[in-house]
Amino acid sequence: MAADILYALILVLGVPALLALAVGWTSYLAEMLWLSTVRPRIVAATVLVALGFLSVLLRVVFGLAPMAPLSFSIALILAPYAVVPLSNYLSYRLRGDDDRSLGWKDFIFEAKRQDQRRSYEAPRNEQ
Amino acid sequence: MNFTIALLAGLVLLLPGITALVSWNLQGATHGAKRPELQLSSVTALFVALGIAIVMHVLGYALVSLFWAAAIELGTHVTPVGEIMQNPYEMALALSVGTSKPASGTIETFLIIILFECLLAWRLIGSNGLDIAMESSDVRSQGWVFQHIVRPLRHGYTPIAYVLTTASHGEYGIGYEGIVADIRQGENGELKSIGLAEPQRFIYQIVTDDPDKPRRKPRLATHDREWVGGLVALDGSVIRNIVIHNVSNEIVDEVEETPPAEDGAFETLPVETIAAPAALAPPKKPRARRKPVVPPDQPPPVEAPES
Numbered sequence: 020m021a022a023d024i025l026y027a028l029i030l031v032l033g034v035p036a037l038l039a040l041a042v043g044w045t046s047y048l049a050e051m052l053w054l055s056t057v058r059p060r061i062v063a064a065t066v067l068v069a070l071g072f073l074s075v076l077l078r079v080v081f082g083l084a085p086m087a088p089l090s091f092s093i094a095l096i097l098a099p100y101a102v103v104p105l106s107n108y109l110s111y112r113l114r115g116d117d118d119r120s121l122g123w124k125d126f127i128f129e130a131k132r133q134d135q136r137r138s139y140e141a142p143r144n145e146q
Numbered sequence: 004m005n006f007t008i009a010l011l012a013g014l015v016l017l018l019p020g021i022t023a024l025v026s027w028n029l030q031g032a033t034h035g036a037k038r039p040e041l042q043l044s045s046v047t048a049l050f051v052a053l054g055i056a057i058v059m060h061v062l063g064y065a066l067v068s069l070f071w072a073a074a075i076e077l078g079t080h081v082t083p084v085g086e087i088m089q090n091p092y093e094m095a096l097a098l099s100v101g102t103s104k105p106a107s108g109t110i111e112t113f114l115i116i117i118l119f120e121c122l123l124a125w126r127l128i129g130s131n132g133l134d135i136a137m138e139s140s141d142v143r144s145q146g147w148v149f150q151h152i153v154r155p156l157r158h159g160y161t162p163i164a165y166v167l168t169t170a171s172h173g174e175y176g177i178g179y180e181g182i183v184a185d186i187r188q189g190e191n192g193e194l195k196s197i198g199l200a201e202p203q204r205f206i207y208q209i210v211t212d213d214p215d216k217p218r219r220k221p222r223l224a225t226h227d228r229e230w231v232g233g234l235v236a237l238d239g240s241v242i243r244n245i246v247i248h249n250v251s252n253e254i255v256d257e258v259e260e261t262p263p264a265e266d267g268a269f270e271t272l273p274v275e276t277i278a279a280p281a282a283l284a285p286p287k288k289p290r291a292r293r294k295p296v297v298p299p300d301q302p303p304p305v306e307a308p309e310s
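Keeping their order, the protein sequence lines are chains A and B. The numbering of the first sequence is this note's numbering, which starts it at 20 and goes up by one. The numbering of the second sequence is this note's numbering, which starts it at 4 and goes up by one.
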């Protein structure tokens, strides 16, 4: 009986939680992949920094070997959550004062969209 | 493997690609400008679906292999709950060539992985990133609708259409002016219908200024403008031609904030001809008169007392 209740609890709580986690993670991963097409160098740098930092953290806290599958898997799962905001923030800091009004959270996409808008506003024969 | 199972397995393998196509089509459904959906039976769509499915499976296999290796490593740190199951991808391959039978739970795991890949494909196609990357190219083959309606809408402009219809009486015809709310094209890009929000209806006429000189160039005049409100949908067969002007949203907001006239009716814009750009400009606000500049060494002018 207790085992059945535990099983039902896992189903009721675990499945939606895993689903929410999967939705969130895929969303961040997709954003990271598209960000890499817009700002390849910044995103590549932040991926390396995030993976390195997480590997060191896992080594210090749990004693996991840095490039072993377990450590690398955990770092890979957590990396998109760090890379997306970090890339946006770095791009925000590196760009000029003109773009500071956009806010840093979605900075790369917003800045790209603003560039496109400027090009759209150019005379028709220059588009 | 019999034919039915093989077909089902093929569909499951194609599922991430099909999901990407569905996501693409649903994105198109939310746009104001629509063309027929990308059919799976078309060669391009099938190629795209297959390509995305292969990419997703390569990525999935790499991740699953990594996580399986991580699970084996985890077993050295904590006490394992049970035996580790076979890698689902390797199971699927072995099952397809008939070298082994699936272990308990492996098929379910494989299906969950496929669903996860579908989710990733959906997110990739539905992301803002794709929209930004593809912004300058007309990937939906919408042609002039893309250049003059879709792109302006994305960049803070409101497309306003002037539609002349074929409904006519003598030298008069009926036309509409309104914001493009919906426009549909056929498979070859031809106009199927257009929906105008908050439209004005007017009567147009081709007139010559001097009846004694019939060879002089005629012009288009409009009469009896009236607000219709709501939305008017015009079928492609009744449309004679369309002129589209894109007005900055800031100007539209400014016009909307203009209070209506005292009798409750909305102030109509002074439009004389259909294609006149001045028709789109907001009504000019009356400017305050400048005070006459008075040199500092002179006394200000004294107003004459009212009689």
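We put the beta carbon where it would ideally sit given N, CA and C, even for glycine.
- prompt: If you draw a straight line from the alpha carbon of residue 258(B) to that of residue 191(B), how long is it in whole angstroms?
  reply: For residue 258(B) and residue 191(B), the distance between alpha carbons rounds to 37 angstroms.
task: Could you tell me whether the Cβ of residue 62(A) comes closer than 8 angstroms to any Cβ of chain B?
output: Cβ-Cβ to chain B under 8 angstroms: no for residue 62(A).
- prompt: Taking the Cβ atom as the reference point for each residue, do residue 179(B) and residue 249(B) lie within a distance shorter than 8 angstroms?
  reply: Contact: no.
field: Distance, residue 230(B) Cα to residue 184(B) Cα
entry: Looking at the two C-alpha atoms, the distance is approximately 16 angstroms.
task: Pull out every residue of the region 158-177 of chain B whose Cβ sits closer than 9 angstroms to any Cβ of chain A, in chain order.
output: Of all residues in the region 158-177 of chain B, 158, 159 and 160 have a Cβ within less than 9 angstroms of some Cβ in chain A.
- prompt: Ordered along the chain, which non-local residues of its own chain (more than five positions away) have a Cβ less than 6 angstroms from that of residue 83(A)?
  reply: Within the same chain, residue 83(A) has close Cβ partners 77, 89 and 90.
query: Quick one: is residue 283(B) near chain A, going by C-beta distance under 8 angstroms?
result: Low confidence applies to residue 283(B): its pLDDT is 37, below 50, so where it sits in the model is not reliable, and the reading given next is rough at best. Not closer than 8 angstroms to any Cβ of chain A, the Cβ of residue 283(B) fails to qualify, so no.
field: residue 226(B), enclosing beta strand (DSSP E) - first and last residue
entry: Per DSSP, the continuous beta strand (DSSP E) segment holding residue 226(B) begins and ends at 222-230.
field: Bounding residues of the alpha helix (DSSP H) (the contiguous stretch that carries residue 132(B))
entry: First-last of the alpha helix (DSSP H) with residue 132(B): 131-136.
Proximal residues of chain B, C-beta to C-beta of residue 41(A) below 7 angstroms: Result: 119 and 122.
query: Mind checking whether residue 41(A) and residue 29(B) have CB atoms under 8 angstroms apart?
result: No. Outside cutoff.
field: Under 7 angstroms from the C-beta of residue 126(B): neighbouring residues of chain A
entry: Contacts between residue 126(B) and chain A, judged by CB atoms closer than 7 angstroms, involve 45, 46 and 49 in chain order.
- prompt: Would you report the Cα separation of residue 312(B) and residue 71(B), rounded to the nearest angstrom?
  reply: It is not possible to answer for residue 312(B), since the shown part of chain B is limited to 4 through 310.
message: Check whether the region 39-54 of chain A and the region 123-138 of chain B are in contact - that is, three or more C-beta pairs closer than 8 angstroms.
response: By the Cβ test, the region 39-54 of chain A is in contact with the region 123-138 of chain B, since at least three Cβ pairs between them sit closer than 8 angstroms.
field: residue 164(B): first and last residue of the uninterrupted beta strand (DSSP E) it sits in
entry: Taken as a continuous stretch (DSSP letters only), the beta strand (DSSP E) holding residue 164(B) covers 160-172.
message: Here's the rule I'm using: 16 or more other beta-carbon atoms within 10 Å means buried, otherwise exposed. How should residue 220(B) be labelled?
response: Residue 220(B) should be labelled exposed.
field: Selected residue, minimal CA-CA separation from residue 195(B), among 24(B), 173(B), 37(B) and 7(B)
entry: The alpha carbon of residue 195(B) has as its nearest neighbour, out of 24(B), 173(B), 37(B) and 7(B), the alpha carbon of 37(B).
- request: Inspect the beta-carbon positions of residue 61(A) and residue 109(A) and report whether they are closer than 8 angstroms.
  value: Yes. Within cutoff.
task: Determine whether the Cβ of residue 123(A) lies closer than 8 angstroms to any Cβ atom of chain B.
output: Against chain B, the CB of residue 123(A) has no partner CB under 8 angstroms away; the residue lies outside that interface.
query: If we ignore side chains and look at the alpha-carbon of each, how far apart do residue 55(A) and residue 65(A) end up?
result: Taking the straight line joining both Cα atoms gives about 10 angstroms.
query: When we look at the beta-carbon of residue 320(B) and count the other beta-carbons within 10 Å, is it buried (16 or more) or exposed?
result: Since the first residue of chain B shown is 4 and the last is 310, residue 320(B) is not available in this structure.
DSSP state of residue 132(A) mapped onto helix, strand, coil: Three-state DSSP puts residue 132(A) in a helix.
- prompt: Can you find a C-beta in chain B that's less than 8 angstroms from the C-beta of residue 108(A)?
  reply: Residue 108(A) does not count as touching chain B.
- prompt: Mapping DSSP to helix, strand and coil, what is residue 69(B)?
  reply: Helix, per DSSP.
- request: Hey, could you find the ends of the beta strand (DSSP E) residue 67(A) is sitting in?
  value: No beta strand (DSSP E) holds residue 67(A); the alpha helix (DSSP H) holding it covers 59-81.
query: Do you know offhand how far residue 177(B)'s Cα is from residue 50(B)'s?
result: One C-alpha to the other measures close to 47 angstroms.
message: With a threshold of 7 angstroms on Cβ separation, who are the neighbours of residue 15(B) within its own chain once the five nearest residues in sequence on each side are excluded?
response: In the same chain as residue 15(B), and ignoring 5 residues on each side of it, the C-beta atoms closer than 7 angstroms to its own belong to 117, in chain order.
field: Under 8 angstroms between C-beta atoms of residue 139(A) and residue 158(B)
entry: Yes, the Cβ-Cβ distance between residue 139(A) and residue 158(B) is below 8 angstroms.
message: Would residue 99(A) pass as an interface residue toward chain B - the criterion being a Cβ-Cβ separation below 8 angstroms?
response: In terms of beta-carbon proximity, residue 99(A) stays away from the interface with chain B, with every pair separated by 8 angstroms or more.
field: Per-residue burial, residue 81(A) [other beta carbons within 10 Å of its own, 16 or more giving buried]
entry: Burial call: exposed.
- prompt: What residues of chain A sit near residue 135(B), judged by a beta carbon separation below 8 angstroms?
  reply: Taking a Cβ-Cβ cut-off of 8 angstroms, the neighbours of residue 135(B) in chain A comprise 53, 57, 128, 131, 132 and 135, given in sequence order.
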